[in-house]
Every structure is written in C-alpha cells, then in structure tokens.
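A.B. asks: One structure is given below, represented as structure tokens, and several questions about it will come after.
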Amino acid sequence: MGRVANAVNIVLFVAAAAAFVLGLRALGDRRDVQALYFLLVGAIALRSATDMLRPRSSNR
Amino acid sequence: MIAAAEPSEALPLTERTRVLLPGVYAWMLTVGLPVMARGVRTGPRLTAAGALVALLLALSIVGQRLAIARLLGIYVFVLCSALTWALLGSDLSPAHLDRVRTALGTLGWVLYAFGWGRVRTLPEAGELRIAPGAPLVPRSRLHARAMPIVAFAVCTALVCEGLAFRVDRPEHAVLAHGAAVACALLVLSAGSRIALAQGTRVELASPAQRLNAVALRGALLALLFGLGLVWAALR
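Protein chains in written order, with this note's numbering: chain G, 1 to 60; chain W, 1001 to 1235.
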C-alpha cells in the first residue's frame, strides 16, 4: 500500500511537470485556452502531490 | 547603591550599526546630497531631515520597542525619503543624476533592507521558544530514487524557463515569463520534497490517509482529463 502511495505521488508530480511544460509550450504556440487548461491541471496535480507528503500528525 | 541595570533586551551595538550605517549611507547618497544642492526649497529639506531623524530615533529605541522602531525606521524613513524625491520634482530627473552615485545608493538601500531583516527581539533569559511540528530527522543518505527525481525537477524547471522565450507576443511574454518562474519554483520545491520523502525516516501519514488526501483532487483531475479528451475529439 505504501508503494502504491509513493507511485501515485511520483506519477502526480511527473504529470504536473508535464502539464506545466505543455502549458508553456501552448502559450508559445498562441493556443491560450489550451495553455490555461494545462497550467490549471499542473497546479492541481502538483498540489495533490505535495499534499501526500504531509507528516504523520503527532497528536493522534 | 546598586547601579541601574541595562535592559536585558537592549540590542548590541553591532545590531544597530548593521541598520544605521547602510541607512545613513543610502540617505546621504540618494536623499541628503540632492537636497543639499543650491536652489532646493525648504519642503524637501524638511522631509529629508525628518527621514534621518526617524531613522536615528528608531535605532535608539529598537531594543525596547521594536514595533515602534520598525514603524519609524522603515515606514516613516522610507515615506519621508519618497516624499523628498516627489517634492524635488525635476531636480531629480535622470538627466541630473550621477549614475555611479545612484548605483551606490541602490546598494545602500539593499543593505539597509537586509539590516532591518536581521533585527529581531531577543528571547528573555530562560524563555523557551519551541515551535510545534514534526520531529526533525537526523541526516542520512539519500534514497536511490531521490537523485533522478531532483534531476527531473531541475530539467523541467530549465525547460519551463526556456519555453517562456518562445512567446513572441509582448503582453503574453510577460505572463509567460512570470508563469515559467512560478512553475519552475513550484516544481523544484515539490521535487525536492518528494525526493527527500523517498525511503527516509520521515513519518508520513499512513498510505490510506495519503491516498484519501488526494481523492477529491484526483476526481477533479480525472474530470478535467475527460473534458480535455472530449474537447480534443470535437476539434
């Protein structure tokens, strides 16, 4: 289960990075709506990836 | 008779000097010298003097009343300096400015800002300031997966920065450079955190909790992915 969580974490991070690259590439190709779409997807994916790294709560 | 003890929170002279010297230097080069020129009216001279007085006053009370000292030494000092520049008007036009002096003055303002950043309240003797948080982990060797993740993050950041230069529309180029910097910083920050979390002794939440934490955003991502596919198919 821990390996699955780690794999999902890395997949989300890679997806976010790829989405950022695609978004900036679309901006250069004058595809503004696509750029916004990819940047939004990247932001959500990266936030998800970092949310998975929260340490165990000490008061539980 | 017992002599009056010095306040325990009084800052050492080096702490004051760290703000005083750059502040006076920046004031002298960028505010003092322009108002000392011939033909300058009384208004700018008064505001310039006010700035210097505020700075000196702030440093005299910085150990006892840090909030007031910051108000005087940062806000009043900068406000009076800016007011002086505004009142100087055409006397401060780029044609009348000495470039070397301006550059040195800028350096003075930077050092002044860093100097204020170091000024802090010292804790009372015996007072413990322990911030709550996860226990710190001792140094250990990085996991084998860590380096590829960091390398990937660095490469992605560089690619993002490079892609911003492909945007040829002026307004969009500014947006692209801003977005590229933000993306690069976010990817580097997240990449380093993920790399450090690989196989270390950091106690992360349980796998189920970690997966549950991304359930909602995962659903949102799936929805966006589906919408993207439909959009691509319709085009």
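For each residue, glycine too, the CB sits at the ideal point set by N, CA and C.
Suppose you measure from the CA of residue 1049 of chain W to the CA of residue 1059 of chain W; what does that come to, to the nearest Å?
C.D. replies: Looking at the two C-alpha atoms, the distance is approximately 16 Å.
A.B. asks: Restricting to Cα atoms, I'd like to know which of W:1210, W:1020, W:1046, W:1111 is closest to residue 1080 of chain W.
C.D. replies: Comparing Cα positions, the closest option is W:1046.
A.B. asks: Run through chain G and tell me which residues come within less than 7 Å of residue 1218 of chain W, C-beta to C-beta.
C.D. replies: Simply 48.
A.B. asks: Let's see if you can read the secondary structure: which residues bound the alpha helix (DSSP H) around residue 1068 of chain W?
C.D. replies: Residue 1068 of chain W -> alpha helix (DSSP H) spans 1066 to 1070.
A.B. asks: Could you tell me which uninterrupted alpha helix (DSSP H) segments, each at least 4 residues in length, are contained entirely in the region 1077 to 1118 of chain W, listed from first to last along the chain?
C.D. replies: For the region 1077 to 1118 of chain W, whole alpha helix (DSSP H) runs of length 4 or above, ordered along the chain, are 1077 to 1088, 1099 to 1118.
A.B. asks: Should the region 1203 to 1220 of chain W be called in touch with the region 34 to 52 of chain G, which here means at least 3 C-beta pairs below 8 Å?
C.D. replies: Yes, they touch.
A.B. asks: Residue 31 of chain G versus chain W: which residues are under 8 Å apart at the beta carbon?
C.D. replies: Within 8 Å Cβ-Cβ: nothing; residue 31 of chain G doesn't reach chain W, min ~11 Å.
A.B. asks: Identify, in the order they occur along the chain, each residue of the same chain with its Cβ nearer than 6 Å to the Cβ of residue 1177 of chain W, setting aside the five sequence neighbours on each side.
C.D. replies: The answer, listed in chain order, is 1164.
A.B. asks: What does a CB cutoff of less than 7 Å around residue 49 of chain G pick up in its chain, not counting 5 residues either side in sequence?
C.D. replies: Same-chain partners within the cutoff: 9, 12, 13, 16.
A.B. asks: How about residue 1023 of chain W and residue 1089 of chain W: do their beta carbons lie closer than 9 Å?
C.D. replies: No, the Cβ-Cβ distance between residue 1023 of chain W and residue 1089 of chain W is not below 9 Å.
A.B. asks: Hey, does residue 1156 of chain W have any beta-carbon neighbour from chain G nearer than 9 Å?
C.D. replies: Residue 1156 of chain W counts as touching chain G.
A.B. asks: Just reading off the alpha helix (DSSP H) that residue 1147 of chain W is part of, what are its end residues?
C.D. replies: Note, residue 1147 of chain W: alpha helix (DSSP H), 1146 to 1164.
A.B. asks: Using the beta-carbon of each residue, which ones in chain W are nearer than 9 Å to residue 41 of chain G?
C.D. replies: The answer, in chain order, is 1221, 1224, 1225, 1228.
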